[in-house]
Amino acid sequence: MKIAKMEKKINQDIDPELLNKFYLTAKRFSRTLDLESLKKEVLRSLKELEPVSAGSLWFTENGKIRCVESFGKAANKIRGRTLNLNEGIVGWVVSNKVYTIAESYKDGRHASYVEEEVGYKSKTILCFPLIVGRKCFGAVQIIDSRHSEEELRVDKKYLNLLQEIVDIASIALSNAINYNALVEDNVEKEKQNELLKQRLSLFERPENIIGESKALQQIFYLVNKYAPSPYNVLIYGESGTGKELIARAIHDRSKRKDMPFVAENCAAIPETLLESELFGFMKGAFTDAKQNKKGLFLVANGGTLFLDEIGAMPLALQTKILRVLQDKRVKPLGSTRDFEVDVRIIAASNQDLKKAVEEGNFRDDLFYRLNVLPIYLPPLRERKEDIPLLVKFFLERECKVTDIGLKKVSRGVLDIFSEYPWPGNIRELENLVRQLIVTTEDKKVISENDLPDYFFQGKRYALSEDGKESGNLAEKILSQGIIPWDDFLRQYITMVLEECRWNVTRAAKCLRLNRSTHFSKMRKLGIKR
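Written out as structure tokens, the structure reads:
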């Protein structure tokens with residue numbers, strides 16, 4: 031159909047039925063925010079309004095225009111193709127922001143090479159810009175490849191109405207694009223958040239394991255890293271460092287969390303009983319075996335068996351444990367058959383097992399079976415920054431248990447705690463807090479004066495007549511030369527007070543003097559802060 035013949039229809043009226051059809055078409059665009067569905071709906075609606083054989087929808091992307099949807103004979107070849115912004119009729123429409131109608135075979139704007147590449151020949155092209163506000167973000171074109179002169183309706187009123195339909199479609203498409211971008215952004219943020227959660231979860235503090243020190247953060251990382259794996263864990267650490275708590279934390283974060291967690295201290299059971307405790311026995315296996323008893327391997331089946339102080343296990347029993355780890359089967363004492371078990375072993379020791387292997391006290395093959403995932407728990411003296419948190423935790427818990435009002439400790443007490451070596455580690459601190467809660471029942475704040483004497487006996491400050499217990503402070507003073515006794519005493523007591531941050535009660539304990547005697551000496555010697 032030629033343009034001249036099409037122009038004859040400009041003055042034709044548009045009937046109400048057609049207007050209603052336009053209205054219903056526009057209404058359909060507002061029903062979805064799904065971009066893929068909407069792109070298809072826009073082209074389908076235009077195809078209903080104009081009897082065309084092909085059509086395509088184009089969006090601007092990175093300085094070019096790309097076909098994002100199409101229908102017709104060469105749809106799959108057109109979809110995804112890109113053009114420069116000034117290329118083809120669609121490029122001209124995007125650049126000029128006005129619709130156009132063109133006879134492609136003689137229009138210089140037409141990118142005919144595209145049709146040659148895809149094997150499609152158009153006759154007439156209607157192309158409308160997609161505009162929201164002042165921005166053109168694409169175009170939609172419908173193509174007629176047939177040669178009947180009455181196929182397309184191209185009068186100006188009709189084309190203006192089509193442009194209005196496209197304008198409505200533009201708003202719907204723009205909303206869908208923005209919505210999908212928001213959804214994709216949220217999905218990406220969720221992915222990033224999930225990734226961040228996964229990373230942070232590696233440092234998540236297990237319940238009842240208190241502390242924020244770098245050493246403990248590394249332990250949290252290993253606990254969360256080791257937990258999902260099926261491999262055995264070997265925990266090293268002095269007595270009282272919380273090895274069983276770490277073992278339970280690993281179990282609680284593993285796939286076995288809903289199965290049993292069974293703990294046994296290998297050093298707490300006599301050697302003759304440990305084997306029957308671990309493997310179980312059948313009735314009549316020995317004199318006192320009056321009924322069958324499941325061993326801990328079978329009790330823990332499907333879950334985790336925690337073997338504390340495994341370094342104390344006899345060599346003969348180590349061989350049997352090794353066999354269980356290799357074969358995944360146990361044979362109770364007195365039984366004629368063995369049983370399959372699925373148990374994860376978490377072992378712990380306060381000894382240097384490598385040294386025990388070298389000395390022949392621990393099997394090297396068992397050591398390597400257990401030492402797949404090692405964890406070292408530092409003693410409390412190596413993570414003193416955790417002491418205030420531990421004290422607070424124990425105070426709150428024990429005051430609640432004993433129904434005693436909540437107590438606090440003074441800054442001075444925490445200072446003393448930070449200097450103390452804690453040979454019994456966390457267990458010693460926990461028991462000390464219990465002791466202090468009971469012995470200071472009527473006090474809300476626990477002070478230095480409430481601490482046991484052994485906290486001060488390590489300081490060699492006390493003076494004797496021969497000076498043998500005077501320690502380094504006395505040597506420092508005497509290095510200046512011979513001085514009068516009162517001057518020596520004044521300097522010595524002042525130095526002790528300075529080390530005790532002028533806490534008179536604490537200084538008196540360090541000097542092994544009662545408080546009143548200490549005050550008397552300070553007044554006599556004129557010692558003031």
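Okay, so the sequence shown: first residue is 31 according to our numbering, each after it adds one.
For every residue, glycine included, the Cβ atom is placed at its ideal position computed from N, Cα and C.
* Taking the alpha-carbon positions, what's the T609 to P453 distance? -> This structure gives no information on residue 609, because the portion of the chain shown stretches from 31 to 559.
Query - Coarse secondary structure for L49, derived from DSSP in three states - result: helix
Open item on the list: I'd like the list of long-range same chain contacts for A56, defined as Cβ closer than 7 Å, with 5 residues on each side in sequence excluded.
Closed with: I195 and I198
Determine whether the beta carbon atoms of E274 and F336 lie at a separation below 9 Å. yes
*asked:* So the candidates are F311, R542, D416 and H281; which of them puts its Cα closest to the Cα of P362?
replied: F311
Fill in: Cβ-based neighbour list, L156, same chain, cut-off 6 Å, excluding 5 preceding and 5 following
I131 and I172
*Give me whichever residues DSSP pairs with G85 in a beta bridge.*
F101 and I172
Which of helix, strand or coil DSSP assigns to K323 = strand
L191 to V213 span [Cα, whole Å] = 33 Å
Kindly provide the ranges of any beta strand (DSSP E) runs that are 3 or more residues long and lie completely inside the stretch 305-367, ordered along the chain. 334-338
#### Entry: Of the residues L403, T366, I340 and F369, the one placed nearest N254, counting alpha carbons only
L403
Identify whether S259 lies in helix, strand or coil by the three-state DSSP scheme. coil
Just how far apart, CA to CA, sit R464 and N238? 17 Å
message = Assuming the contact rule is C-beta atoms closer than 8 Å, F59 and L73 should be a hit. Round their C-beta distance to whole Å, please.
response = Not a contact, Cβ separation roughly 12 Å.
Between K32 and the rest of its own chain, which residues show a CB-CB distance below 6 Å, the 5 nearest in sequence each way excluded?
Bear in mind that the predicted position of K32 carries a pLDDT of just 34, short of 50, making it too unreliable to give a figure here.
Taking DSSP as the reference, what is the three-state secondary structure of R374?
-> strand
### Message
Quick check on the DSSP output: what are the complete alpha helix (DSSP H) runs of length 4 or more inside the stretch 435-479, in order along the chain?
### Response
441-449 and 455-469
Given this structure, state the Cα-to-Cα distance separating L63 from N216, to the nearest angstrom.
16 Å
Margin query: Starting from I119, trace the alpha helix (DSSP H) in both directions and tell me its first and last residue.
Written below: G118 to N126
Worksheet entry | Boundaries (first-last residue) of the alpha helix (DSSP H) holding E66 | L65 to L79
query: With a Cβ-Cβ cutoff of 9 Å, do A105 and S134 count as a contact?
result: no
inquiry  = Can you list, in chain order, the residues of its chain with a C-beta nearer than 7 Å to that of E495? Leave out the 5 residues immediately preceding and following it.
reply    = For E495, the predicted structure reports a pLDDT of 43, less than 50, and the residue's modelled location is therefore unreliable. The matter cannot be settled from this model.
- Item | Cα-Cα separation, G168 to F250 | 53 Å
**Request:** Give a yes or no on whether the C-beta atoms belonging to I467 and L444 are separated by under 9 Å.
**Result:** no
Given a threshold of 16 other Cβ atoms within 10 Å of its Cβ, counted over all protein chains shown, does Q521 qualify as buried or as exposed? buried
By how many angstroms is the C-alpha of K94 removed from the C-alpha of G138? 20 Å
Beta carbon of L76 nearer than 9 Å to that of V162:
no
Could you check which residue in E146, L304, K474 and L407 has the C-alpha nearest to that of I351?
L304
Residues near F158 in its chain [Cβ-Cβ closer than 6 Å; skip 5 each side] | Y129, V170, Q193 and V196
The stretch 280-289 in contact with the stretch 360-379 per 3-pair CB rule at 8 Å:
yes
Separation of C97 from S204, as counted between CA atoms:
16 Å
Boundaries of the beta strand (DSSP E) in which A298 is found, first to last residue:
Element bounds for A298: n/a, residue is neither H nor E.
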